[in-house]
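Here the sequence shown is numbered in the numbering used here, starting from 8 and rising by one per residue. Where is the CB? At the ideal position from N, CA and C, for every residue including glycine. From a predicted model like this one, the values you see are computed outputs, not experimental measurements.
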Amino acid sequence: MSELFISKDLIHLRNKRVSYLMHILPGGIPIHLYYGKRLEAMEPRSLLRHHAIPDDGTFSVQGCSLDHVPSEYPSFGLGDLRQGALTVRRGDGTASCDLRFVSAEIDTEKLPLKGLPSTHANGEQTLRLILKDELLGLTAVLRYSLFDDCDAIARSVELINDGQDTLSVERAMSLCLSLPTRSYDILTLAGAWSREREMFRRPMTMGECSVGSIKGASSLHTSPFVAMMTPETNEHLGEVYGFALVYSGNFYAGAQVDPHRTPQVMIGIHPDGFGWTLEPGESFQTPEAIAVYSDQGLNGMSAQFHTLCAKHVVRGKFADQPRPILLNNWEATYFNFNHERLVDLAKTAARVGVELFVLDDGWFGKRDDDTTSLGDWFVDTNKLPNGLTPLANDVHALGMKFGLWFEPEMISPKSKLYEAHPDWALHIDGRTPIEARNQLTLDLSREDVCEHVYHAVADILAANPIDYVKWDMNRHFSNIGSSSLPAHRQRELPHRYMLGLYSVLERLIADFPDVLFESCSSGGGRFDLGMLNYMPQTWCSDNTDAYSRCRIQYSTSLVFPSFAIGSHVSAVPNHQTGRITPLSTRGNIARSGCFGYELDLNSLTEEELAEISQQIKDVKAIRETLLYGRFYRLLSPYEGNDTAWLTVAQDGSEAVFTYERALAQSYTNPPVVRLCGLEADAAYRVEETGEIYGGDQLMYSGISVPLKWGDHSSASFLLRKI
Ligand code: GLA
Numbered sequence: 008m009s010e011l012f013i014s015k016d017l018i019h020l021r022n023k024r025v026s027y028l029m030h031i032l033p034g035g036i037p038i039h040l041y042y043g044k045r046l047e048a049m050e051p052r053s054l055l056r057h058h059a060i061p062d063d064g065t066f067s068v069q070g071c072s073l074d075h076v077p078s079e080y081p082s083f084g085l086g087d088l089r090q091g092a093l094t095v096r097r098g099d100g101t102a103s104c105d106l107r108f109v110s111a112e113i114d115t116e117k118l119p120l121k122g123l124p125s126t127h128a129n130g131e132q133t134l135r136l137i138l139k140d141e142l143l144g145l146t147a148v149l150r151y152s153l154f155d156d157c158d159a160i161a162r163s164v165e166l167i168n169d170g171q172d173t174l175s176v177e178r179a180m181s182l183c184l185s186l187p188t189r190s191y192d193i194l195t196l197a198g199a200w201s202r203e204r205e206m207f208r209r210p211m212t213m214g215e216c217s218v219g220s221i222k223g224a225s226s227l228h229t230s231p232f233v234a235m236m237t238p239e240t241n242e243h244l245g246e247v248y249g250f251a252l253v254y255s256g257n258f259y260a261g262a263q264v265d266p267h268r269t270p271q272v273m274i275g276i277h278p279d280g281f282g283w284t285l286e287p288g289e290s291f292q293t294p295e296a297i298a299v300y301s302d303q304g305l306n307g308m309s310a311q312f313h314t315l316c317a318k319h320v321v322r323g324k325f326a327d328q329p330r331p332i333l334l335n336n337w338e339a340t341y342f343n344f345n346h347e348r349l350v351d352l353a354k355t356a357a358r359v360g361v362e363l364f365v366l367d368d369g370w371f372g373k374r375d376d377d378t379t380s381l382g383d384w385f386v387d388t389n390k391l392p393n394g395l396t397p398l399a400n401d402v403h404a405l406g407m408k409f410g411l412w413f414e415p416e417m418i419s420p421k422s423k424l425y426e427a428h429p430d431w432a433l434h435i436d437g438r439t440p441i442e443a444r445n446q447l448t449l450d451l452s453r454e455d456v457c458e459h460v461y462h463a464v465a466d467i468l469a470a471n472p473i474d475y476v477k478w479d480m481n482r483h484f485s486n487i488g489s490s491s492l493p494a495h496r497q498r499e500l501p502h503r504y505m506l507g508l509y510s511v512l513e514r515l516i517a518d519f520p521d522v523l524f525e526s527c528s529s530g531g532g533r534f535d536l537g538m539l540n541y542m543p544q545t546w547c548s549d550n551t552d553a554y555s556r557c558r559i560q561y562s563t564s565l566v567f568p569s570f571a572i573g574s575h576v577s578a579v580p581n582h583q584t585g586r587i588t589p590l591s592t593r594g595n596i597a598r599s600g601c602f603g604y605e606l607d608l609n610s611l612t613e614e615e616l617a618e619i620s621q622q623i624k625d626v627k628a629i630r631e632t633l634l635y636g637r638f639y640r641l642l643s644p645y646e647g648n649d650t651a652w653l654t655v656a657q658d659g660s661e662a663v664f665t666y667e668r669a670l671a672q673s674y675t676n677p678p679v680v681r682l683c684g685l686e687a688d689a690a691y692r693v694e695e696t697g698e699i700y701g702g703d704q705l706m707y708s709g710i711s712v713p714l715k716w717g718d719h720s721s722a723s724f725l726l727r728k729i
């Protein structure tokens with residue numbers, strides 16, 4: 008069990024492996040003391056010496072220079088001249104905040120954050136650090152929960168106006184953490200549509216380095232994640248601090264190195280375009296942030312995140328279940344389908360062993376392309392004259408589940424819904440709304456719109472036998488205005504949108520617990536711990552090219568476990584890159600996530616169908632390991648020509664090794680890859696070849712990988728412990 012120790016001025020949270028320590032300075036300012044490997048002493052007072060900063064009278068409060076100390080939650084406007092975590096303006100227009108310690112209290116259970124996604128605990132306690140600015144009448148409640156089974160701390164902040172004045176919150180980070188003063192590299196994930204989450208690592212120097220989104224979603228372009236690591240850190244060795252936000256909207260994630268060379272990491276809602284009015288008696292809850300620590304390199308960091316996702320983020324009956332192998336008709340038919348064509352596809356899918364048939368975009372309104380009908384969630388009877396239920400029944404009769412695509416947060420200007428409710432779209436009076444993919448965003452800050460969106464989906468789920476929903480979101484925000492908010496609350500709109508969305512999702516998953524939800528946003532544009540709290544899997548990228556997927560899945564795995572990563576085999580030439588890769592490689596890469604197909608099976612040869620059939624049979628036999636095993640990145644496509652990773656079953660009984668070589672090389676020895684995470688003194692049989700290796704040989708000497716001729720050759724081995 009994690010432990011929580013509170014003395015009068017020292018607080019120590021720890022589990023079996025890590026410690027987190029804070030100190031309350033004599034003036035009542037809480038500062039950070041330590042986060043790292045577990046310290047045995049409960050009250051290691053020697054650490055206080057690290058922060059015995061000479062008081063030279065500069066920005067000094069009660070003998071403490073605010074600009075030096077590693078505050079747990081620094082605020083703007085007084086003596087700390089760094090970028091603060093909190094900016095609050097009061098009625099007279101001035102901004103300053105001075106939070107002082109009131110008390111430290113323990114909740115024996117971790118409660119969900121109201122209206123927001125949050126991690127759930129398994130008996131772990133929560134520390135509430137209560138701070139107060141008497142002048143503003145502002146109370147801040149800093150919450151900390153350290154998990155037992157992973158070295159992650161969940162933090163969040165609640166701001167309560169218990170004074171008389173109206174307050175305006177302009178910046179409220181979820182977490183601020185000062186790291187020990189030494190050199191760090193910073194790692195961020197950034198990209199674009201079809202090349203999401205590329206890895207960027209650079210040395211941290213003086214100043215700020217950050218990623219963020221002000222697009223209304225965590226976005227295709229950046230991920231709410233940042234890691235700080237010592238320069239020598241690699242996948243297997245070295246100290247790493249990883250941070251992620253349990254949130255899907257605008258965010259900031261970054262670090263600044265202050266003039267005293269101390270890095271401070273912050274993560275939270277992006278302050279640009281954000282503001283929140285707190286009337287007396289009102290409160291504001293930040294999203295939850297996660298900090299993880301590992302001294303075993305980036306793989307060690309990922310292991311913490313993966314356990315967190317598995318045990319504390321995903322919920323519902325699918326959280327630890329084998330995910331169905333699906334066929335999605337999008338790249339098979341796009342908008343061009345009817346009942347017969349879908350059933351023909353479904354028949355072949357059933358024949359090769361597919362378990363879930365998903366009908367993607369184009370089944371509703373008059374949607375023959377992407378120019379119309381979002382919002383008109385009634386069946387297009389030209390394509391499906393009998394409606395959805397007969398189609399679902401036909402699919403069920405073939406022994407498969409039936410799934411359906413929605414994009415419920417959107418509205419096409421060409422739709423009946425827009426004709427009836429133009430004010431339901433985000434808009435700014437007097438300005439022509441800017442369309443993206445010919446669509447506008449519904450204003451989910453409005454309760455009536457949320458009610459409508461809930462029913463648009465729920466009524467269809469209630470009326471038809473639907474087992475799976477792909478929840479898409481295909482544009483970012485512009486014209487950010489709401490007709491339902493007063494002028495002084497318009498800056499609340501992006502966050503209120505998220506609260507509205509989360510309320511709809513919370514209702515839907517509660518009302519339809521048997522439906523498997525997969526999140527999507529033009530591919531992986533909203534791949535974050537927030538969405539994962541409602542939907543246990545996310546479509547990782549619209550880019551289904553196997554080589555592109557090596558890169559995308561490699562970097563996605565930094566934070567997200569395989570069971571969260573939707574990955575499909577598609578046709579060649581690939582629709583996004585034009586690249587031709589072997590079917591075996593497409594299968595090997597895709598099966599490292601929630602496996603499926605997204606191509607016209609009826610255009611394949613019998614040989615290809617037989618290969619697919621075998622792929623599906625193989626995956627079914629090792630699905631538990633592939634989805635829920637311990638994942639190790641071995642060779643990075645960001646550093647060379649080869650990609651390799653390994654998934655080891657939780658009980659250690661088997662492991663699946665995956666390798667891809669991008670460009671073939673002539674006249675070379677077969678690659679040899681050193682594995683990890685195995686038992687050194689156990690023996691393993693490679694099922695494909697019958698060879699027996701010692702775990703020590705596999706880890707210390709490596710496994711040699713025979714490759715076929717041609718680019719994008721790959722191999723995947725099942726290693727069984729014998
Ligand atoms: C987005 C999704 C795709 C597909 C299309 C349909 O781009 O990411 O998978 O569903 O929408 O329009």
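Taking 8 angstroms as the threshold (C-beta atoms), are residue j and residue i in contact?
i      : j      : result
Tyr639 : Leu616 : no
Phe207 : Ala197 : yes
Val566 : Ala356 : no
Leu138 : Leu88  : no
Pro440 : Leu451 : no
Asp155 : Met49  : no
Leu320 : Asn648 : The question names Leu, yet the displayed sequence has Val at residue 320. Not in contact: Val320 and Asn648 (Cβ atoms no closer than 8 angstroms).
Leu333 : Leu363 : yes
Gly245 : Gly288 : no
Met273 : Ala92  : yes
Run the proximity test for residue i: is its beta-carbon closer than 7 angstroms to any non-hydrogen atom belonging to the ligand GLA?
i      : result
Trp716 : no
Cys527 : yes
Trp283 : no
Trp546 : yes
Trp431 : no
Gly530 : yes
Asp658 : no
Trp736 : The structure shown does not extend to residue 736, since the chain spans only 8 to 729, so no value can be given for it.
Asn336 : no
Asp450 : no
Asp158 : no
Asp479 : yes
Asp535 : no
Asp367 : yes
Asp377 : yes
Asp549 : yes
Measuring alpha carbon to alpha carbon, tell me which residue in the options is nearest residue i.
i      : options                           : result
Gln622 : Lys715, Glu667 and His575         : His575
Pro429 : Leu349, Asp367 and Val456         : Val456
Gln271 : Gly709, Asp401, Thr665 and Leu40  : Leu40
Thr108 : Leu145, Ala128 and Ser9           : In the sequence as displayed, the identity of residue 108 is Phe instead of Thr. Out of Leu145, Ala128 and Ser9, Leu145 has the C-alpha closest to the C-alpha of Phe108.
Lys15  : Ala111, Phe83 and Tyr42           : Ala111
Met480 : Val95, Lys222 and Glu79           : Lys222
Lys477 : Leu492, Arg533 and Pro51          : Arg533
Leu405 : Arg444, Leu449 and Lys354         : Lys354
Thr650 : Ser610, Glu698, Glu613 and Ile596 : Ile596
Pro644 : Tyr561, Arg482 and Ser190         : Tyr561
Gly392 : Trp370, Thr379 and Gly410         : Reading off the sequence, residue 392 comes out as Pro, not Gly. Minimum Cα distance to Pro392 is reached at Trp370.
Arg681 : Ile274, Leu174 and Gly701         : Gly701
Val464 : Asp383, Pro543 and Arg268         : Asp383
Arg52  : Ile13, Pro81, Val25 and Lys23     : Ile13
Glu442 : Trp431, Pro420, His459 and Tyr461 : Pro420
Looking at the C-beta of residue i, does it have a partner C-beta in chain C at a distance below 8 angstroms?
i      : result
Asp718 : Among the chains of the structure shown, chain C does not appear; only one protein chain is present.
Bridge partners for residue i per DSSP, in chain order?
i      : result
Glu19  : It is worth fixing the name first, because residue 19 is His in this sequence and not Glu. DSSP, once it has assigned bridges, lists Phe12 and Leu28 as partnering His19.
Ser290 : Ile167
Lys373 : Lys373 is not bridged to any residue.
Inside the region 492 to 537 only - alpha helix (DSSP H) runs reaching at least 4 residues: The region 492 to 537 contains, as complete alpha helix (DSSP H) runs of 4+ residues, the segments 500 to 518 (chain order).
Unbroken stretches of the beta strand (DSSP E), 3 residues or longer, contained in the region 661 to 725: 661 to 668, 690 to 693 and 699 to 701
Runs of alpha helix (DSSP H) lying entirely within the region 564 to 618, each at least 4 residues, in chain order: 590 to 597
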